[in-house]
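According to my numbering, the sequence shown holds residues 651 to 960 in order.
Note that beta-carbon positions come from the ideal geometry of N, C-alpha and C, so glycine has one too.
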Amino acid sequence: MKSYDAIILGAGPAGLSAGIYLSRAKQSVLILDQGIVGGQVVLTHAVANYPGLPELSGYKLASDMKKQAVEFGCEIQANDKLLSFNFEGKDKFITAKSGEYKSKAVIIAVGGQPRKLGLESEKRFQGLGISYCATCDGDFFTDEDIVVVGGGNSALEEAVSLTKFAKTVTIIHQFDHFQGYAHAIKEAEENSKIKFLMESEIEEFTGTESLSGVNIRSLKDGSTTKLDITGAFIFIGYVPGSDVFKECVSLSDRKEIVTNEEMATSRDGIYAAGDVRQKKFRQITTAVSDGTIAALAVMDYLNGPDPDKI
Ligand SMILES: Cc1cc2nc3c(=O)[nH]c(=O)nc-3n(C[C@H](O)[C@H](O)[C@H](O)COP(=O)(O)OP(=O)(O)OC[C@H]3O[C@@H](n4cnc5c(N)ncnc54)[C@H](O)[C@@H]3O)c2cc1C
Numbered sequence: 651m652k653s654y655d656a657i658i659l660g661a662g663p664a665g666l667s668a669g670i671y672l673s674r675a676k677q678s679v680l681i682l683d684q685g686i687v688g689g690q691v692v693l694t695h696a697v698a699n700y701p702g703l704p705e706l707s708g709y710k711l712a713s714d715m716k717k718q719a720v721e722f723g724c725e726i727q728a729n730d731k732l733l734s735f736n737f738e739g740k741d742k743f744i745t746a747k748s749g750e751y752k753s754k755a756v757i758i759a760v761g762g763q764p765r766k767l768g769l770e771s772e773k774r775f776q777g778l779g780i781s782y783c784a785t786c787d788g789d790f791f792t793d794e795d796i797v798v799v800g801g802g803n804s805a806l807e808e809a810v811s812l813t814k815f816a817k818t819v820t821i822i823h824q825f826d827h828f829q830g831y832a833h834a835i836k837e838a839e840e841n842s843k844i845k846f847l848m849e850s851e852i853e854e855f856t857g858t859e860s861l862s863g864v865n866i867r868s869l870k871d872g873s874t875t876k877l878d879i880t881g882a883f884i885f886i887g888y889v890p891g892s893d894v895f896k897e898c899v900s901l902s903d904r905k906e907i908v909t910n911e912e913m914a915t916s917r918d919g920i921y922a923a924g925d926v927r928q929k930k931f932r933q934i935t936t937a938v939s940d941g942t943i944a945a946l947a948v949m950d951y952l953n954g955p956d957p958d959k960i
């Protein structure tokens with residue numbers, strides 16, 4: 651069994667920031683991720699709001715964060731699987747596909763998963779025309795007609811980025827107004843390739859082997875519009891990846907991990923950072939901030955008085 655000062659679950663911006671701070675402070679740190687390093691940032695075509703680094707691709711930002719953590723000595727195990735854990739005692743135990751680990755503290759930074767529409771036809775065409783990542787799949791739809799579902803900043807910004815590939819992008823949104831920032835709305839509205847279907851929702855995705863159409867229901871009058879499209883990108887928010895931890899730390903009624911200002915959860919030695927924790931604003935900068943605070947709090951915890959000796 652390998653032993654560390656701290657184990658971080660999740661290698662998104664929150665986990666990588668915590669890893670950078672802890673390993674730079676000469677703590678032994680392992681980051682375990684069930685997927686690729688970078689989290690949702692890798693899904694982001696262009697990051698325009700990270701201070702000091704304008705015009706940056708999400709992939710580049712994630713790669714640089716990883717490099718920085720590794721150079722300070724942080725170990726990263728990607729494409730792993732968390733099989734079981736025991737966080738009850740002073741020592742925390744984790745069993746993953748890659749092996750068994752022990753640590754004095756754990757930071758949960760597992761972010762979230764794309765929220766699904768929940769339609770049967772969505773499941774059928776996932777990976778066959780339906781995607782949740784413009785950066786990963788946009789290129790497959792060069793010169794094609796596609797739809798984007800959603801009305802927040804992610805939907806608006808990713809719709810604009812998809813116009814680099816697609817012939818037309820129709821944004822389908824359930825309300826009569828968008829929830830995004832004014833500049834994101836303006837940019838989408840001024841793009842000649844983008845069309846809008848407001849107060850509408852997806853009734854069904856259609857096709858034989860892959861996606862070839864979509865039936866859209868008007869929420870105003872119940873009428874159905876059929877569009878011939880080969881791609882659909884869904885950006886309707888995220889569901890926190892906290893479910894697996896629900897027996898060991900307190901969750902909010904929205905299933906986010908509850909922490910105090912120092913990112914400490916309801917369980918001693920277990921911290922949470924980034925999109926998985928209860929908070930209002932979910933951004934790369936706020937995830938980075940959470941990761942920093944969690945790492946500094948873990949250092950205090952590791953250097954604090956040994957409760958056995960008090
Ligand atoms: C399409 C899109 C565009 C966006 N654009 C921007 C933008 O322009 N600017 C901005 O500031 N923010 C943007 N965001 C939001 C931003 O990406 C997130 O707020 C940020 O990535 C959250 O970081 P995180 O580290 O908390 O979680 P994540 O980035 O979600 O990383 C979590 C990591 O944990 C891993 N994981 C999950 N479950 C487990 C498990 N059980 N065990 C181990 N590992 C696990 C995942 O594989 C993932 O790598 C965007 C998000 C999306 C989806």
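Report task. Following the continuous beta strand (DSSP E) through ALA914, name the residue where it begins and the one where it ends. Result -> That residue, ALA914, is in no beta strand (DSSP E); it is neither H nor E in DSSP.
Requested in this report: Check whether the Cβ of SER804 sits closer than 7 Å to any heavy atom of ligand 1, and report yes or no.
Outcome: yes
**Report entry** Limits of the unbroken alpha helix (DSSP H) element including ALA719
**Finding:** 708-721
Query raised in the report: Start and end of the beta strand (DSSP E) containing THR818?
Result: 818-822
Report task. May I ask you to report which of helix, strand or coil DSSP gives TYR700? Result -> coil
Query raised in the report: Are ILE726 and ALA661 close, meaning C-beta to C-beta below 8 Å?
Result: yes
Query raised in the report: From LEU666, LEU659, ILE658, LEU672, pick the residue whose C-alpha is nearest to that of LEU946; which is it?
Result: LEU672
Query raised in the report: Do LEU666 and ALA746 have their C-beta atoms within less than 8 Å of each other?
Result: no
Query - Closer than 7 Å: ILE796 CB and nearest ligand 1 heavy atom - result: no
Requested in this report: Could you check what DSSP says for GLY762 in three-state terms: helix, strand or coil?
Outcome: strand
Query raised in the report: Between ASP606 and ALA937, which are expected to be in contact by the criterion C-beta below 8 Å, what is the C-beta distance as a whole number of angstroms?
Result: Look at the range of the chain in this structure, 651 to 960, and you will see that residue 606 is not part of it.
Query raised in the report: Using 8 Å as the threshold, is the stretch 830-841 in touch with the stretch 799-809, meaning 3 or more CB pairs across them?
Result: yes
Query raised in the report: Taking the beta strand (DSSP E) that TYR654 falls in, what are its first and last residues?
Result: 652-659
Report task. Using a threshold of 8 Å, state whether the C-beta atoms of TYR888 and GLN776 are closer than that. Result -> no
Query raised in the report: How many Å lie between ALA882 and PHE846 at the Cα?
Result: 14 Å
Query raised in the report: Within the chosen definition, does the stretch 778-790 reach the stretch 689-699 through at least 3 CB pairs nearer than 8 Å?
Result: When Cβ pairs closer than 8 Å are counted between the two stretches, the stretch 778-790 is seen to touch the stretch 689-699, the count reaching three or more.
Query raised in the report: Is the beta carbon of ILE658 less than 8 Å from the beta carbon of VAL679?
Result: yes
Report task. Would you kindly check if the distance between the Cβ of ALA838 and the Cβ of VAL799 is under 8 Å? Result -> no
Query raised in the report: Does ligand 1 have even one heavy atom less than 7 Å from the beta-carbon of ALA656?
Result: no
Report task. Could I get the ranges of all uninterrupted beta strand (DSSP E) runs contained in the stretch 746-798, with 3 residues as the minimum, in chain order? Result -> 749-758, 762-764
Query raised in the report: Cβ-heavy atom distance between ILE744 and ligand 1 below 7 Å?
Result: no
Query raised in the report: Hey, is ILE821 close to ligand 1, as in C-beta under 7 Å from one of its heavy atoms?
Result: no
**Report entry** Closest by C-alpha distance to PRO961, when choosing among VAL948, THR935, SER939
**Finding:** The chain is shown only over 651 to 960; residue 961 falls outside these bounds and no answer can be derived.
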